[in-house]
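Residue numbers (the working numbering): 137 to 273.
Here a beta-carbon is modelled for each residue, glycine too, at the ideal position from N, C-alpha and C.
See structure below.
If you want it as structure tokens, here you go:
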């Protein structure tokens, strides 16, 4: 869809720190991560909400989310993850996307007040993307 930044990333027209690009979706680092290694998983097709995802696409998409979740934990050595999705309300980009956020005990994340951080530079962001990508099963 014209003007959608996530569609631009899927098409390779907008730069991103891509973790994986597969038929079921694309996973890349959030540019404003809650914690470093925060990944967004999007379907290749422009859809706004989970209810727009065709039933036959659910298994592949959520298997990708599941694999990214495992890769974030393994690749970053995090104690777990927070996996979340907004539908329409609070979507900063109106394209279906699932957040996979690395968690560690005592990291300070409370409820839905998401503090944001930044990568020191592109090299640091690329390093996080590579570590997660390398851990994909």
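Between which residues of its own chain and residue i is the CB-CB distance below 6 Å, once the five residues before and five after are set aside?
i           : result
residue 240 : 214, 215
residue 202 : none
Suppose you measure from the CA of residue i to the CA of residue j; what does that come to, to the nearest Å?
i           : j           : result
residue 197 : residue 258 : 28 Å
residue 183 : residue 224 : 11 Å
residue 271 : residue 180 : 22 Å
residue 146 : residue 243 : 31 Å
residue 189 : residue 253 : 30 Å
residue 170 : residue 237 : 7 Å
residue 246 : residue 234 : 19 Å
residue 178 : residue 160 : 9 Å
residue 269 : residue 156 : 6 Å
residue 175 : residue 187 : 21 Å
residue 265 : residue 219 : 17 Å
residue 167 : residue 173 : 10 Å
residue 138 : residue 194 : 24 Å
residue 267 : residue 163 : 13 Å
Along the beta strand (DSSP E) that carries residue i, what are the first and last residues, could you check?
i           : result
residue 158 : 154–158
residue 141 : Residue 141 -> not in any beta strand (DSSP E); alpha helix (DSSP H) instead, spanning 141–147.
residue 165 : 161–165
residue 246 : Counting along the chain, residue 246 falls outside any beta strand (DSSP E), and DSSP gives it neither H nor E.
residue 237 : 234–239
Run through DSSP, which three-state label would residue i get?
i           : result
residue 256 : coil
residue 213 : coil
residue 194 : helix
residue 171 : coil
residue 208 : helix
residue 225 : coil
residue 265 : helix
Where does the unbroken alpha helix (DSSP H) through residue i begin, and where does it stop?
i           : result
residue 187 : Residue 187 -> no alpha helix (DSSP H), and no H or E assigned at all.
Counting only beta-carbon separations shorter than 8 Å, does residue i have a partner in chain D?
i           : result
residue 153 : Looking for chain D here will not work: only one protein chain is present.
Can you tell me whether residue i is buried or exposed, with buried defined as 16 or more other CB within 10 angstroms of its CB?
i           : result
residue 192 : exposed
residue 148 : exposed
residue 200 : buried
Leaving out five residues on either side along the sequence, give the residues of the same chain with a beta carbon under 7 Å from the beta carbon of residue i.
i           : result
residue 141 : 150, 229
residue 205 : 217, 219, 236
residue 261 : 153, 165, 255
Is the beta carbon of residue i within less than 7 Å of some heavy atom of the ligand SAM?
i           : result
residue 160 : In terms of ligand content, the structure shown is empty, and the ligand SAM therefore cannot be addressed.
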